[in-house]
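Below is one structure; the comments refer to it alone.
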Amino acid sequence: MITRIFVALFLALAPATAFANQCPAMMQAIDAAMPNASLSDADMAKVKQLRQQGEDLHKAGDHAGSEAALGQAKTMLGI
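Using mature numbering (1 follows the signal peptide of the UniProt record, and there is no 0), the letters of the sequence shown correspond one by one to residues -20 to -1, 1 to 59.
Laid out in structure tokens, this is it:
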């Protein structure tokens, strides 16, 4: 019985760690695209702000919020 509980708990938590690993990959993609982006100064400032916000949320454990902010930055960069 206890073994089943541990297996169920592991299976429930395993996807959370997989999604947590997407944030760094998204940040790397943004960092790689920023030097070649042809955005206005205001848009580039917004991308940098969203990128930083995404990193801060990731460090705080809010991976959904992090992915939302990083997704906005990626959209602005066209990636």
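C-beta atoms are modelled at their ideal positions from N, C-alpha and C, and glycine is treated no differently.
- DSSP places Leu19 outside any alpha helix (DSSP H), giving it a letter other than H or E.
- The DSSP-derived three-state label of Ile10 is helix.
- Here the C-alpha atom of Lys26 lies approximately 18 Å from the C-alpha atom of Cys3.
- Residues of the same chain with their beta carbon placed closer than 8 Å to that of Gln8 are lacking, with the five preceding and five following residues left out of the count.
- Here Ile10 really is in contact with Ala53; their C-beta atoms are around 5 Å apart, less than 8 Å.
- Straight-line spacing of the CA atoms in Gly51 and Ala5 works out to 11 Å.
- In this chain, Met(-20) is not harboured by any alpha helix (DSSP H), its DSSP state being neither H nor E.
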